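In the numbering used here, the protein residues as written are 18 to 154.
Glycine included, each C-beta is placed from N, C-alpha and C at the ideal position.
What you are looking at is a predicted structure, and each value in this text was computed from that prediction instead of being measured.
Since the structure comes first, as structure tokens, the remarks are kept for the end.
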Amino acid sequence: MGCRQLNELALLYEQAKKSGLNTKLIMDQGLDTSEIKNLINLHKRLKNIFEDEEKLIKEYKENPSEEIKKHLLSLSDQVKEIEFELQKNWHFDQNEDYHSWWFRQPACSCPIIDNFERVGVPGFIINQECILHGKDK
Ligand SMILES: [Zn+2]
């Protein structure tokens, strides 16, 4: 590997770290640069979605509307897609049981700790009042 490539790789790892990615896991999984870039972008998208959701859920609580709800549900669908993409780029099985971003969404009111404890176990704990995952979604 040339000097320039090494430099680029070092920068990429730095970026990955800043995005909150586990750089040790990146090495353990033997990810290539395009996969690392994908992961960084997916995390950026998650961050943007979470920011949008935060604003929307605040708006919704003040003034509920079907339009906002639809928007929130579409963001939630995107989170699910991203979780599968993350698994793919991490070389993990694409398995919903291991998803852990959906219950951290700002608009989600499902229990966080209970669901964290169940990552990898089939079946989630849903708050039926949750606008994203509850009975009226
Ligand atoms: Zn929820």
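Asked                                                                                                                                       : Found
Segment contact, 8 angstroms Cβ cut-off, at least three pairs: the segment 32 to 40 with the segment 84 to 97                               : no
Beta-carbon contacts of glutamine 145 that lie in its chain and below 7 angstroms, excluding the five residues immediately before and after : Gly151 and Lys152
Sequence ranges, alpha helix (DSSP H) only - wholly within the segment 66 to 120, length at least 4                                         : 83 to 106
Check: histidine 108 C-beta below 7 angstroms from any heavy atom of ligand 1                                                               : no
Collapsed DSSP secondary structure at alanine 124 in the structure displayed                                                                : coil
Proximity below 8 angstroms, CB of isoleucine 74 to CB of leucine 89                                                                        : yes
7 angstroms CB neighbourhood of cysteine 147 in its chain, flanking five on each side removed                                               : Cys125, Ser126 and Cys127
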